[in-house]
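Residue numbers (my numbering): 212 to 292. From the three backbone atoms N, C-alpha and C, an ideal C-beta is built for every residue, glycine too. All remarks here apply to the structure that follows.
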Amino acid sequence: LNYFLPPGTNFDIILRVLIMVTLFASAYMAEVIRGGLAALPKGQYEAADALGLDYWKSMRLIILPQALKISIPGIVNTFIG
Numbered sequence: 212l213n214y215f216l217p218p219g220t221n222f223d224i225i226l227r228v229l230i231m232v233t234l235f236a237s238a239y240m241a242e243v244i245r246g247g248l249a250a251l252p253k254g255q256y257e258a259a260d261a262l263g264l265d266y267w268k269s270m271r272l273i274i275l276p277q278a279l280k281i282s283i284p285g286i287v288n289t290f291i292g
């Protein structure tokens, strides 16, 4: 972490470890969520378009609830591991 901050910046070792573990785990979490989004059939996206929803509403109301339901086992696995 010291390589990415200006010289003279000094954090406690626990804070540095916590930041690095968070960044490392967020990459795994993003991959799990991406897999859940990829697992949804194309028809779900088309159904959101047919209802006349814009991108953000379709993601919030139709796509993400289903993707998170699919992704829950992977999310739990990431937290345990």
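DSSP state of residue i mapped onto helix, strand, coil
{"i": "L275", "result": "helix"}
{"i": "F222", "result": "coil"}
{"i": "P284", "result": "helix"}
Of the listed residues the options, nearest to residue i (C-alpha basis)
{"i": "D260", "options": "L226, E242, I273, L279", "result": "I273"}
{"i": "F290", "options": "Y256, L262, M240", "result": "M240"}
{"i": "K280", "options": "D265, D223, R245, K268", "result": "R245"}
Beta-carbon gap between residue i and residue j smaller than 8 Å
{"i": "S282", "j": "G254", "result": "no"}
{"i": "I286", "j": "V232", "result": "no"}
{"i": "A278", "j": "L251", "result": "yes"}
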